[in-house]
Structure formats: structure tokens, C-alpha cells
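Novice: My questions will all concern the structure given below.
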Amino acid sequence: NAGVTQTPKFRVLKTGQSMTLLCAQDMNHEYMYWYRQDPGMGLRLIHYSVGEGTTAKGEVPDGYNVSRLKKQNFLLGLESAAPSQTSVYFCASSVPTGLGTEAFFGQGTRLTVV
Amino acid sequence: GNSVTQMEGPVTLSEEAFLTINCTYTATGYPSLFWYVQYPGEGLQLLLKATKADDKGSNKGFEATYRKETTSFHLEKGSVQVSDSAVYFCAREERGSARQLTFGSGTQLTVLP
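Protein chains in written order, with our numbering: chain A, 6 to 119; chain B, 2 to 114.
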């Protein structure tokens, strides 16, 4: 079982370059999320989606865009990378089943912007 | 706003020592509470959860009790092992439509043999 798969695992970008991070889940989950993890700050929500064709802003959406054209994929785009976007990015998915929904996380993408 | 405050690390313990990692949350509504664990080089995975006051979540020897009166969800383990070395995150689930999680800052635990 693959679960949640993120591509790529590592990337170095120059300031101003663009890139897309891919998240794929094979659990038929409705909800998908993109978080960034920075030292001493835990994980912060960038964007999320509650279903195919829908997206919404999280806590720190500036500088990022997302798309959910297929239920199993959630793409995170950086149009013009900045050093402040150096971080580890995690995708997660879940399906709400009452209270206390478990989120399943990918292994992360380590992005460095120089 | 909604927030989760977690004990700062790093925490270093000897094997078989008692572990407590403190976590408090803002009392907006009645959120579900979680502890997630992140082993080196991996994503987060659910360790335990509690969905209402006085619930106790438990897994792999870890426990945490949902304390409404103190707005706390402290993680405990009676005897840690080297394999418990990881980063531990306390989190609350927002009751809105998206069920997104708000995380604490994480606590790095190192257990020495």
C-alpha cells in the first residue's frame, strides 16, 4: 500500500524559479492538505482541498498555488520561489469519519531556495 | 485564534525513564486532540487521539488524557526505549468542514541506551 506519495523528495531552486510539488494518494480520501514544517514552528497549513475541483487557503498561503483536478492528486505550485520558502513540505490526506479524523502524511519534500 | 502550546525541547532521557511532554490548547469549542510522531526522515503518523473530555488515548505504551478543566493533553510514557527517539507533535482538529489540524511546535525526544 503506497498511502501518500510526494514527488520529489529533495529539490534546490534558485530565487525566482518555479516548480510544482506533486502529492498522490491511493486511499480514495476526499480531503487533502499541504503543510510546511519549519524549525520551532511545527507544521503550518498552506492550502487544502475538501474534494476534487475545490481548494481553499490555509494559514500561510502567500506565494503558493494549488490544484486538485483529480481526486487522488493535489499539486502545490511555487510561481517565483523565494528563500523564505525554504522548508520541508508535507502533504496529507484524510476522510472524515466522525470526530478525531486521522490524517495520513507523505514523507515530505525538502526544498531549498538559494 | 486556535492554538496549541507544546513543551519546548529537546528532551534527552535514559532508557526506561519516565516521559512527560506537556501540551495545552486554546479552549475554543471542543476540539479533538492528537499526538503525532515523526521518526527521522519520515512523515508524521498518528500516535493517539481523544475526542472528548476525560477520554484517554493510548498506543505503544504512550497515554494522554483530554483534560477540559486545564485545557491540557499531556503525553506520558512510563518507560521509554531508544526506539521512541523522534519528534512528537500535539495537535487539535478544527471542527470546520475541512477538519484541518493545528500543530504545536514539536518536541524532539532522544533516548539514550
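Even glycine gets a Cβ: it sits at the ideal position worked out from N, Cα and C. Quick caveat, the model's predicted, so the values are computed rather than measured.
1. At a CB distance below 8 Å, what residues from the stretch 45–57 of chain B approach chain A? Give them in sequence order.
2. Only counting the same chain, and skipping five residues up and downstream in sequence, which positions put a Cβ closer than 7 Å to that of A/Q77?
3. Between A/S99 and chain B, is the shortest Cβ-Cβ distance under 8 Å, so that the two count as touching?
4. Output the distance between the C-alpha atoms of B/M8 and B/Q109, rounded to the nearest integer angstrom.
5. Check whether the stretch 97–111 of chain A and the stretch 34–49 of chain A touch, using three or more Cβ-Cβ pairs below 8 Å as the test.
6. Taking the alpha carbon of A/Q11 as the point to measure from, which residue in A/S85, A/S92 and A/F79 has its own alpha carbon closest?
7. Rounded to the nearest angstrom, how far is the Cβ of B/L113 from that of B/E17, given a contact under 8 Å?
8. What is the DSSP secondary structure of B/S84, reduced to helix, strand or coil?
9. Could you check the C-alpha separation between B/A99 and A/A87 for me, to the nearest Å?
10. Please classify B/D55: is it buried, with 16 or more other beta-carbons within 10 angstroms of its beta-carbon, or exposed?
11. Within its chain, find whatever has a CB closer than 6 Å to the CB of A/S98; leave out the 5 residues flanking it on each side and keep chain order.
12. Just tell me which of B/D85, B/L45 and B/K78 has its CA closest to the CA of B/G58.
13. Who are B/F104's beta bridge partners in DSSP?
14. Return the residues of the stretch 91–114 of chain B that lie within a Cβ-Cβ distance of less than 7 Å from chain A, sorted by chain order.
15. Quick check: what's the CA-CA separation for B/L102 versus B/A92?
16. How is A/M89 classed by DSSP in three states: helix, strand or coil?
17. In three-state DSSP terms, what is B/N60?
18. Less than 8 Å separating the beta-carbons of A/N70 and A/G56?
19. Quick check: what's the CA-CA separation for A/T60 versus A/S54?
20. Considering just the uninterrupted stretch of the beta strand (DSSP E) at A/L18, what are its terminal residues?
21. Tell me which same chain residues have a C-beta within less than 7 Å of the C-beta of A/L75, skipping the five on either side of it?
22. What is the DSSP secondary structure of B/V38, reduced to helix, strand or coil?
23. State the DSSP-derived secondary structure class of A/H52, mapped to helix, strand or coil.
Specialist: Let's see:
1. L45, Q46, L47, K50, A51, T52 and K53
2. Counting only Cβ-Cβ distances below 7 Å, and skipping sequence neighbours, we find A29, Q30 and D31.
3. yes
4. 10 Å
5. yes
6. Taking only the C-alpha atoms, the option nearest A/Q11 is A/F79.
7. Rounded, the Cβ-Cβ distance is 11 Å, inconsistent with contact.
8. helix
9. 28 Å
10. exposed
11. V9, Q30, H34, M37 and F109
12. B/K78
13. B/A92
14. Per Cβ criterion, the list reads E94, S98, A99, R100, Q101, L102, F104, G105, S106 and G107.
15. 6 Å
16. The amino acid occupying residue 89 of chain A in the given sequence is Ser; Met does not appear at that position. Helix.
17. Shown here, B/N60 sits in a strand according to DSSP, grouped into three states.
18. Not closer than 8 Å, so no.
19. 4 Å
20. F15 to L18
21. It should be pointed out that residue 75 of chain A corresponds to Lys in this sequence rather than to Leu. So the qualifying residues of the chain are E57.
22. Correct three-state label for B/V38: strand.
23. strand
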